[in-house]
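Asks: Following this message is one structure expressed as structure tokens.
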Amino acid sequence: MERWNNKVAVVTGASSGIGAACCKTLVTKGMIVVGLARRFELMESELRAKLPLELRDRFYPVKCDVRQEEDIIRSFAWVEQTLGGVDVLVNNAGIARQTQIVAPQNTADLRAVVETNIMGVALCTREAFRSMKNRRVDGHVVVINSLAGHSVVQVPGFSYNIYPPTKHAITAMTEVLRQEFLLHETKIKITSISPGATDTDIYGDKGNIATDIPLLDPDNVADAIAYCIQTPPHVQIHELTIKPVGEKF
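Residue numbers for the sequence shown follow the working numbering, so the first one is 531 and each next one is one higher.
In structure tokens, the structure reads:
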């Protein structure tokens, strides 16, 4: 991680789960971290306030809804003006909803998942890439994908609805972005990380989702992010899959 010492990382969905764990890990490893999330107060009270005193000034919470393009543009402009620009982007923000694609009157739920999981990643990456390219920085973009981005598991009595299609789109987007980064003659890296079942609040109270299955801890995924971005300049981990021992799918 020495090459990223005092460099700037932007982490979306930073108020809880994998995003919060990633912020703590990267700050601890010497980076300056900007957390983007809708729940600004949670980033202040549950994340920044619980960091060691000497590290708190290295974490900057910024209120941002990645479903809103103006929020994204404003947030990355703030990073540019305040900290000089972004060196590492972790596209972590992602949501799921308990519904079915064919359920009535669920347009708002379906749209929220698509706008967060696909458009949020595309627009944040666009702004980060502009910052990296303009400053001639060989940065790194990380996308938190999912096993659902590679296969669709059938769970009796439950539908993952629009969530797997959005994550399949992320799998394709990762490769398209890799090609575009090359097209622009940059050495910016991109990595898709696909965790299995992880102990986060993505489904809220988890409803009728099985709770007796093996789970990853968010810190496990944060450690994987740190591993992927510290590879030598000529090494790019394009796709990393992480499963808890005993996972059956």
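We put the beta carbon where it would ideally sit given N, CA and C, even for glycine.
Per DSSP, what kind of secondary structure is Y693 in: helix, strand or coil?
Replies: helix
Asks: Between D617 and D668, what straight-line distance do the alpha-carbon atoms span, to the nearest angstrom?
Replies: 8 Å
Asks: For K593, does the three-state DSSP call read helix, strand or coil?
Replies: strand
Asks: Thinking C-beta only, is T728 closer than 7 Å to L713?
Replies: no
Asks: So, using beta-carbon positions, are R708 and I700 closer together than 7 Å?
Replies: no
Asks: Quick one: what does DSSP say L581 is sitting in, helix, strand or coil?
Replies: The DSSP-derived three-state label of L581 is coil.
Asks: To which residues of the same chain is D753 closer than 8 Å at the C-beta, ignoring the five residues directly before and after it?
Replies: T555
Asks: Could you check which residue in P591, T637, V673 has the C-alpha nearest to that of N621?
Replies: V673
Asks: For I718 versus L770, is the C-beta spacing smaller than 7 Å?
Replies: No, the pair does not count as a contact, with Cβ atoms beyond the cut-off.
Asks: Based on the DSSP secondary-structure assignment, which residues constitute the bridge partners of V540?
Replies: The partner list for V540 (beta bridge, DSSP) reads V564, L619.
Asks: In this structure, does DSSP put K778 in helix, strand or coil?
Replies: coil
Asks: Taking the alpha carbon of E777 as the point to measure from, which residue in E600, I759, D742, A756 has its own alpha carbon closest?
Replies: Ranked by Cα distance from E777, the first of E600, I759, D742, A756 is D742.
Asks: Drop a sphere of 10 angstroms on the beta-carbon of T612, count the other beta-carbons inside from all chains shown, and report buried for 16 or more, exposed for fewer.
Replies: exposed
Asks: According to the neighbour-count rule (16 or more other Cβ atoms, all chains shown, within 10 Å of its Cβ), is I631 buried or exposed?
Replies: exposed
Asks: Which of the three DSSP states is assigned to L770 in this structure?
Replies: Residue state, collapsed to three classes: strand.
Asks: From the DSSP output, in three-state form, read off K663 for me.
Replies: helix
Asks: When we look at the beta-carbon of V751 and count the other beta-carbons within 10 Å, is it buried (16 or more) or exposed?
Replies: buried
Asks: Would you kindly work out how many angstroms separate the C-alpha atoms of P744 and E715, rounded to a whole number?
Replies: 42 Å
Asks: Nearest to P774 by CA position, among L640, L677, V683, is which residue?
Replies: L677
Asks: Could you compute how far the alpha carbon of I494 sits from the alpha carbon of M649?
Replies: Beyond the ends of the chain as shown, which are 531 and 779, falls residue 494; an answer cannot be given.
Asks: On a CA-only basis, which of T761, N664, T730 is nearest G614? Give me that one, please.
Replies: Distances from the alpha-carbon of G614 to those of T761, N664, T730 put N664 closest.
Asks: Tell me which same chain residues have a C-beta within less than 6 Å of the C-beta of C552, skipping the five on either side of it?
Replies: V541, V620, A752, I755
Asks: Classify G687: buried if its beta carbon has 16 or more other beta carbons within 10 angstroms, exposed otherwise.
Replies: exposed
Asks: Is the Cβ-Cβ distance between S605 and L566 less than 7 Å?
Replies: yes
Asks: Tell me where the beta strand (DSSP E) around V672 begins and ends.
Replies: 670-674
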